[in-house]
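Right, one structure below, let's go through it.
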Ligand SMILES: [Zn+2]
Ligand SMILES: [Zn+2]
């Protein structure tokens, strides 16, 4: 059977079964999905802007956009969108390989557990446009959120975190109000024009929520989503993303 015709669930199972204790990329023995050698290429400890997580050079703590703009929420981003991380994300988004999201979910979960910060239990996923959803067949932010929850629960026994609070995590999808143009064709200026009315949220009963995105480019999508969440009753929105464009 052609590899492309296998279902995501089946592909995930095959990976878990055949790649047990092996690196997903190089087959080197590894307790994580990526071995220490491959992990180095993900640039998990990249220099970034302290406000928006955009990659910066060594000696700069604020990116050129954050020198003028204020951010209302914390942005926590795993990698810069370049090199290996870019190659993986392109495979996930355009070559139907969502099982590679496990790599990000595991690294993100371990980082969250190590930080000992409170993990909010209400999560919202940034939606894909209906056209890319149709082409791709899955919503990558939603798949990532589900895998992240699984990984948190799996690794929680090694930390002090109560399992019950992780099992209480609820994942919601944000709804787009209007039929939307695909983001990657829009310029920075066009993206900034988009407003929070693009997203529709039911009333929120949690004060602290998480917004999950895949790649942050200009920040306009997450700003619009965060505004919609604040408008619906949230008091604090943390943004978790896989990559930030340099
Ligand atoms: Zn490897
Ligand atoms: Zn910044």
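Numbering (the UniProt record's numbering), first residue to last: 1 to 246. Built from N, CA and C at the ideal position, the CB exists for glycine as well.
One alpha carbon belongs to residue 220, the other to residue 21, and they sit about 39 Å apart. The alpha helix (DSSP H) runs of length 4 or more contained entirely in the segment 114 to 157 are, from start to end of the chain, 130 to 136 and 140 to 156. Between the segment 45 to 61 and the segment 114 to 126 there are fewer than three C-beta pairs closer than 8 Å, too few to call the two in contact. When Cβ pairs closer than 8 Å are counted between the two stretches, the segment 142 to 151 is seen not to touch the segment 80 to 90, the count staying below three. In this structure, residue 37 has its beta carbon less than 7 Å from a heavy atom of ligand 1. Beta-bridge annotation (DSSP): residue 171 is paired with 123. Distances taken from the Cβ of residue 77 to the heavy atoms of ligand 1 include none shorter than 7 Å.
The beta carbon of residue 58 is closer than 7 Å to those of 47 in its chain, skipping five residues each way along the sequence.
Residue burial is scored here from C-beta neighbours: residue 211 has at least 16 other C-beta atoms within 10 angstroms and is therefore classed as buried.
The C-alpha of residue 228 is placed about 35 Å away from the C-alpha of residue 33. Check the Cα spacing between residue 163 and each of 141, 107, 153 and 171: the tightest is with 153. Per DSSP, reduced to three states, the secondary structure at residue 246 is coil, with no helix or strand assignment. Taken from the Cβ of residue 172, every heavy atom of ligand 2 lies 7 Å or farther away. With a cut-off of 8 Å on Cβ pairs, the segment 93 to 107 is in contact with the segment 130 to 144, counting three or more such pairs. As computed with DSSP, residue 213 is found in a beta bridge with 241. In the same chain as residue 88, and ignoring 5 residues on each side of it, the C-beta atoms closer than 6 Å to its own belong to 100, in chain order.
Per DSSP, reduced to three states, the secondary structure at residue 221 is helical. The nearest non-hydrogen atom of ligand 2 is 7 Å or more from the C-beta of residue 47.
In the DSSP assignment, residue 38 falls within the alpha helix (DSSP H) that extends over 36 to 40. In the structure shown, residue 33 adopts coil according to DSSP, grouped into three states. Taking the C-beta atoms as reference points, residue 38 is found no nearer than 8 Å to residue 52. Residues 77, 213 and 216 of the same chain have their beta carbon placed closer than 6 Å to that of residue 241, with the five preceding and five following residues left out of the count. Taking the Cα positions, residue 199 is about 24 Å away from residue 92. Put simply, the backbone Cα of residue 238 is about 31 Å away from that of residue 23.
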